[in-house]
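Trainee:
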Amino acid sequence: MYLAFGNTKGARSRYDSNGRLLLLHAAWAVGRNCGKVNNYFESKLEERIKGQHAKQVACEKKHPEFMRSSKEKIKADLLRAAPITARYLRVFIGLLLARAIAPNKEKHWCTTDEGAIPHSCFG
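So, in structure tokens, the structure goes:
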């Protein structure tokens, strides 16, 4: 994702802080590598299906009332999962950062401002 700001000085002048510049490049890197995550998922799909089927067979031997799924059903269930998008990864990383900056361990269900992330934490 090249935004045409020219050299490094031009890119730095576009963003008022190094933190924002870092977040821009982190978002770009996440978007670029997101396809690799989905390719890895597809390449390991058969291995994952065999592993889940073997676990279900072992569970069926221990507990006769358990009904194992066919390999086709397991594959259909795995393929039904939504692909990982760059936006999803950015939101996930953002939530991890927010939790690291202001960990509110109690009262996370409250709807008042008490215990919320302070306004000035994200510049």
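The sequence shown finishes on residue 276 if you use our numbering, and the numbering steps up by one all the way, no holes.
Glycine is no exception: its CB is placed at the ideal position from the N, C-alpha and C atoms.
#1: Can you give the Cα-Cα distance for residue 191 and residue 215, rounded to whole angstroms?
#2: Using CA coordinates, which residue listed in 238, 224, 248, 240 is at the minimum distance from residue 210?
#3: Could you pull out every residue in the same chain whose Cβ sits closer than 7 angstroms to the Cβ of residue 219, ignoring the five residues on either side in sequence?
#4: Are there 16 or more other CB atoms within 10 angstroms of the CB of residue 227, so buried, or fewer, so exposed?
#5: If you draw a straight line from the alpha carbon of residue 244 to that of residue 217, how long is it in whole angstroms?
#6: Closer than 8 angstroms by C-beta to residue 221: which residues in its own chain qualify, once you throw out the five before and the five after it? Chain order, please.
Mentor: Reading from the atomic positions:
#1: Here residue 191 is taken as the residue at index 38 of the sequence shown, counted from 1. Here residue 215 is taken as the residue at index 62 of the sequence shown, counted from 1. Each residue's CA atom was taken as its position, placing residue 191 and residue 215 some 34 angstroms apart.
#2: Residue mapping note: residue 210 aligns to position 57 of the sequence shown, counting from 1. Here the closest residue by C-alpha is 224.
#3: As a position in the sequence shown, residue 219 is number 66, starting the count at 1. So the qualifying residues of the chain are 212, 213.
#4: Counted from its first residue, the sequence shown places residue 227 at position 74. Buried: at least 16 other Cβ atoms inside 10 Å.
#5: Along the sequence shown, read from residue 1 onward, the residue named residue 244 stands at position 91. Along the sequence shown, read from residue 1 onward, the residue named residue 217 stands at position 64. Answer to the nearest angstrom: the Cα atoms are 43 angstroms apart.
#6: By one-based count along the sequence shown, residue 221 stands at place 68. Counting only Cβ-Cβ distances below 8 angstroms, and skipping sequence neighbours, we find 206, 209, 210, 212, 213.
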